[in-house]
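Student:
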Amino acid sequence: MYDFSTLMRDIEQLQHHSIVRIHEIGRSVLHKPIIELQIGEGETYVHMNASFHANEWITSAVVMAFVRDYVQALKNKQHLCGYDVQSLYKKTTLSIVPMVNPDGVDLVLHGKKAAQHYEEEVLRINEGSEDFSQWKANIRGVDLNNQFPAKWEIEKERKVPKAPAPRDFPGFSPLTEPEVQAMATLTMERDFLKVLAFHTQGKEIYWGYEQCEPPEAEEEVNEFAKWSGYVPVRYIDSHAGYRDWFIFNWKRCGYTIELGEGVNPLPFSQFHSIYNESIGIFMTALART
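As structure tokens, then:
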């Protein structure tokens, strides 16, 4: 499993590498730091994130493996997936938020005690069950990937939960949750060229939103598909997600990559196959700037 403390240990290891810059961009409801890692010298920023949804915690392990391998290749002056990482480092800055929802991840992996003073509340939201394996929301029962102001009102109307729930409740208004506020502020400040949000599962890549995506998105997603075998899907009937909001407002490339397949939470035994499928996406996204 890959929980918040594992993430922080991995980040501590990265502190020994001067090429990795570590920023706290905000705090979760339970005051856990939300960390952004930056690698690169370029003025062009490419952003990736993972674990918007609590039971999709394997995505954090995958993106941190990307980071470790990228750093190793830079240190050893090696190529990665055939790409010259030194030139990528000079022209592009990689921004990664490896765990958007640390409170939710720890709730899924460690149960009610991880909720601290929200213990009674999460039990109530979860209808008394102590099995939190299907929990996607943050610790307050808000689905963080339904919180962005891109036709949020449509999601509010049609989502079944009208109050905090383990999944799908978009909040009482957009941008209410500290985790989402941190991501929105970061995105506005950094002026990303493109964003990739890693989720599970389905081996699909969602790449369009409301016909706001630029023409080059199709070419790039087809490159991702060649590397991964994942299926590009242009439009889905969904709004208020991070990627939706980015494409809607910036008219730039945004991708939701649905890693692996099966039932969430995916077993950690899928880690290596997921990594092998998606490392080419990671490198191609950095290279196509």
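Per full-length UniProt numbering, the very first residue in the sequence shown carries number 1; after that it's consecutive. We put the beta carbon where it would ideally sit given N, CA and C, even for glycine. Only a predicted model underlies this, so the values are computations on that prediction, with no experimental measurement involved.
Distance, Cα to Cα, LEU196 vs ASN126?
Tutor: One C-alpha to the other measures close to 30 Å.
Student: Using the C-alpha atoms, what's the distance from ASP143 back to TYR230?
Tutor: 25 Å
Student: On the DSSP letters alone, give me the boundaries of the alpha helix (DSSP H) that LYS251 sits inside.
Tutor: Per DSSP, LYS251 belongs to no alpha helix (DSSP H) and is neither H nor E.
Student: Helix, strand or coil for GLU24 per DSSP?
Tutor: Residue state, collapsed to three classes: strand.
Student: Per DSSP, TYR45 is paired with what?
Tutor: THR93
Student: Report yes or no: do three or more beta-carbon pairs, one from the segment 91-107 and one from the segment 27-43, lie closer than 8 Å?
Tutor: yes
Student: Here's the rule: buried if 16 or more other CB atoms are within 10 angstroms of the residue's CB, otherwise exposed. What is ASP103?
Tutor: buried
Student: Going straight from the alpha carbon of GLY262 to that of HIS199, what length do you get?
Tutor: 13 Å
Student: Check whether the Cβ atoms of VAL221 and PRO214 sit closer than 8 Å, and answer yes or no.
Tutor: no
Student: In the DSSP output, which residue or residues are listed as bridge partners for TYR206?
Tutor: VAL233 and THR256
Student: Counting only the same chain and skipping the five closest in sequence on each side, list residues whose C-beta sits under 7 Å from that of LYS77.
Tutor: GLN86
Student: Beta-carbon within less than 6 Å of GLY254's beta-carbon, same chain only, minus the 5 sequence neighbours each way: which residues are those?
Tutor: VAL195, ARG243, PHE246 and ILE247
Student: DSSP state of VAL195, grouped into three classes?
Tutor: In the displayed model, VAL195 falls within a strand according to three-state DSSP.
Student: Alpha helix (DSSP H) containing GLN13: first to last residue?
Tutor: 4-14
Student: Do you know offhand how far SER238's Cα is from GLU155's?
Tutor: 8 Å
Student: Can you tell me the Cα-Cα spacing of LEU123 and ARG21, whole angstroms?
Tutor: 38 Å
Student: Are residue 290 and LEU109 closer than 8 Å when you measure CB to CB?
Tutor: Limits of the chain in this structure are 1 at one end and 289 at the other, which puts residue 290 out of reach.
Student: When the Cα atoms are used, what is the spatial distance from GLU258 to GLY111?
Tutor: 25 Å
Student: Between the segment 156-167 and the segment 185-192, do at least 3 Cβ pairs fall closer than 8 Å?
Tutor: no
Student: Helix, strand or coil, according to DSSP, for GLN211 in the structure here?
Tutor: coil
Student: I'd like the span of the beta strand (DSSP E) that includes LEU37, first residue to last.
Tutor: 33-39
Student: Could you pull out every unbroken alpha helix (DSSP H) segment of at least 4 residues lying fully inside the segment 51-124, listed in chain order?
Tutor: Complete alpha helix (DSSP H) runs here, min 4: 58-76, 85-91 and 102-110.
Student: Helix, strand or coil for THR284? Go by DSSP, reduced to three states.
Tutor: helix
Student: CA-CA distance, HIS272 and VAL62?
Tutor: Straight-line measurement puts the Cα of VAL62 at about 9 Å from the Cα of HIS272.
Student: Can you check whether the CB of GLY26 is closer than 8 Å to the CB of ILE34?
Tutor: yes
Student: Name the DSSP beta bridge partners of THR200, please?
Tutor: LEU259
Student: Could you compute how far the alpha carbon of PRO164 sits from the alpha carbon of TYR83?
Tutor: Between the alpha carbons of PRO164 and TYR83 lies a gap of roughly 45 Å.
Student: With DSSP run on the structure shown, which of helix, strand or coil describes SER228?
Tutor: Note: SER228 maps to helix in three-state DSSP.
Student: Which term fits PRO166, buried or exposed, when burial requires 16 or more other beta carbons within 10 angstroms of its beta carbon?
Tutor: buried
Student: Rounded to a whole number of angstroms, what is the C-alpha to C-alpha distance between GLU43 and GLU130?
Tutor: Computed Cα separation, rounded: 47 Å.
Student: Looking at the secondary structure, which residues open and close the alpha helix (DSSP H) in which ALA184 lies?
Tutor: 178-190
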